[in-house]
Amino acid sequence: MAKEVWRFIDSGYCSPSFNMALDEALLDWHSEGKIPPTIRFYGWNPPTLSIGYFQKVEKEIDLEAVKRHGLGFVRRPTGGRGVLHDKELTYSVIVSEEHPDMPKTVTEAYRVISQGILEGFRFLGLNAYFAVPRTEEEKADLRSPRSAVCFDAPSWYELVVEGRKIAGSAQTRQKGVILQHGSILLDLDEDLLFSLFKYPNERVKERLQRNFKNKAVAINELTDRKITIEEAKEAFYKGFEKGLDIVLEPYTLSSEELEYVHELARTKYESDEWNFKR
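See below:
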């Protein structure tokens, strides 16, 4: 049987507002039947703090620190916690909820899509696996994470290497379409990451940062040589093809499509109403 062909877009380094607008546009276009299921790779210029749809900016984020470090800032259309997008490969997957290979539940669909990421890590020579929360305490953590930092919070079917989280993903379902996007960390500046959030006091911050080291890890901490972004792209491109049993076909956005995305970026993802609405 011929494998299903999905579209592949590598949009390179883009502004925070453009990145979120393109993910939303792809979701819309797929729901309207204009494009097939799509996988996209991208980066961030400038490095950016993105927050989950439900996060409260005033309560959780130190915006002065975000400005001081010259970072971008954007609210995602997906849930989850705060993510510092810097030295990473970011991916998004856009596929119909009705796709025959997509399970109905969010957690099971997350597992199917994340199989592509799992295979990508294996192509890089890392022994990644899915960890499932087992204890009641771990399940309670899922319902109310103790920290505003994404990689500090456990999730179902977490991708783990040597017991530490190595990729963070979030999902939304709108208009009959699943959008899952996430971060594959090549390197991580923990001090910078932890400077961007608010804490009751310095002691709490230090404790959370100390615990974080035991919970999360970047690829280049686990390898004896430095993995470049190009190597990562190649590995995860092959990983998605293998994990989802598909063929990827590269695609470049038309000028009309780009114009649409830029307009959505400007009117929605650059607006204070969207980014600071909670």
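Per UniProt numbering, the very first residue in the sequence shown carries number 1; after that it's consecutive. Each residue gets a CB set at the ideal place from its N, CA and C atoms; glycine is no exception.
Residue ranges of uninterrupted beta strand (DSSP E) with 3 or more members, entirely inside the region 178 to 257 and ordered along the chain, are 246 to 250. Secondary structure in the region 6 to 74: the alpha helix (DSSP H) runs of 4 residues or longer, each lying completely within the stretch, are 16 to 31, 57 to 60, 63 to 68 in chain order.
Burial state of F54 is exposed, judged by a 10 Å Cβ sphere holding fewer than 16 other Cβ atoms. With a threshold of 16 other beta carbon atoms within 10 Å, A128 meets it and is buried. Note: E158 is bridge-paired with A131 in the DSSP secondary-structure output.
Between S31 and D224, the alpha-carbon positions lie close to 43 Å from each other. Membership of G168 in the beta strand (DSSP E) is indicated by the continuous run 164 to 174. Taking every protein chain shown into account, the CB of S17 has 16 or more other CB atoms within 10 angstroms, so this residue is buried. For W29, the closest alpha carbon among the candidates V177, D272, W44 is that of V177.
By DSSP's assignment, H85 forms a beta bridge with T48. With a contact defined as Cβ atoms closer than 8 Å, L89 and L186 qualify at about 7 Å. Sequence-distant partners of D62 (beyond 5 residues in either direction) whose C-beta falls short of 8 Å from its own C-beta, in its chain, are S195, L196, F197, K198.
Restricting attention to beta strand (DSSP E) runs no shorter than 3 residues, the region 83 to 122 encloses them at 83 to 85, 88 to 96, ordered along the chain. Between D23 and L179, the gap from beta carbon to beta carbon is short of 9 Å. Looking only at V261, S114, D189, L253, the smallest Cα-Cα distance to V217 is reached by D189. Between the alpha carbons of K104 and E97 lies a distance of about 7 Å.
Where E273 is concerned, the enclosing alpha helix (DSSP H) starts and stops at 272 to 275. The region 167 to 177 makes contact with the region 72 to 89; the number of CB pairs closer than 8 Å reaches 3 or more. If you draw a 10 Å sphere on the C-beta of K226, you find fewer than 16 other C-beta atoms in it, and that means exposed. One alpha carbon belongs to Y251, the other to D191, and they sit about 38 Å apart. If you check the CB distance, K215 and R266 do not come in under 9 Å.
Sequence-distant partners of A235 (beyond 5 residues in either direction) whose C-beta falls short of 7 Å from its own C-beta, in its chain, are G120, F123, L124.
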